[in-house]
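Below: one structure, written as structure tokens.
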């Protein structure tokens, strides 16, 4: 389980949210909603351990993430606005490099299968810098499909995706949850995923 207890966040002189509690368990997903500037991305960064709350704590399986940092990082994947891709590497190289950084081997056949599934057949060897914004997001979808993480933290993951890619991402998330995974995501769009808990900021 991922949980947050009495979480408060301040940016500059502005308090974005205070005394926030949440929890998400295996097979569940959490939709973080709110107006622009409400603190959605800030909350996701706190949950990912990329920022520190002024009050409260985030726990993974009952332990503060600071005391279980290396274990926690093995179990989650953070998908931010920009996407963690290297512009000079190809889509295929990006997938295999990311897997190596996670300490896992990703066979080329498996990486190619993921890229083909997200609609990048014929573009797998092109440098990321020549791909469109939507195609770059599809590389990140392939990353979701190949990264064996229990928790997905996704910040506006449907941005810059066409209708087919939106449907594919919804399918990936649904499959992930069906396998006992968890997801926390922000989105301004109506969620094409069944169920879900809601946190309103």
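In my numbering, the protein residues as written are 1 to 201.
We put the CB at the ideal spot given by N, CA and C, even for glycine.
If you follow the alpha helix (DSSP H) that residue 101 is part of, which residue opens it and which one closes it? Where residue 101 is concerned, the enclosing alpha helix (DSSP H) stretches over 91 to 101.
Below 8 angstroms CB to CB, which residues in the same chain sit around residue 145 once its five sequence neighbours on both sides are set aside? Excluding residues within five positions, the ones whose Cβ falls inside 8 angstroms are 114, 117, 118, 172.
Chain-order list of residues whose beta-carbon lies under 7 angstroms from that of residue 149 (same chain, five-residue window excluded): So the list reads 75, 76, 77, once near-sequence residues are dropped.
Name the DSSP bridge partner or partners of residue 4? DSSP output for residue 4 lists 22, 58 as bridge partner(s).
Measuring CB to CB, does residue 99 end up less than 8 angstroms from residue 106? Yes; because the gap between Cβ atoms is below 8 angstroms, this pair is in contact.
So, do the stretch 128 to 137 and the stretch 154 to 166 have three or more beta carbon pairs nearer to each other than 8 angstroms? A contact exists between the stretch 128 to 137 and the stretch 154 to 166.
If I follow the unbroken alpha helix (DSSP H) through residue 33, where does it start and stop? Looking at the DSSP string, residue 33 is not in any alpha helix (DSSP H); the run it does join, the beta strand (DSSP E), is 29 to 33.
Following the continuous alpha helix (DSSP H) through residue 253, name the residue where it begins and the one where it ends. In the structure as shown, the chain begins at 1 and stops at 201. Residue 253 is therefore absent and cannot be evaluated.
Per DSSP, cross-strand counterpart(s) of residue 127: As DSSP reads the structure, residue 127 sits in a beta bridge with 90.
Less than 8 angstroms between the beta carbons of residue 38 and residue 201, yes or no? Cβ atoms of residue 38 and residue 201: closer than 8 angstroms.
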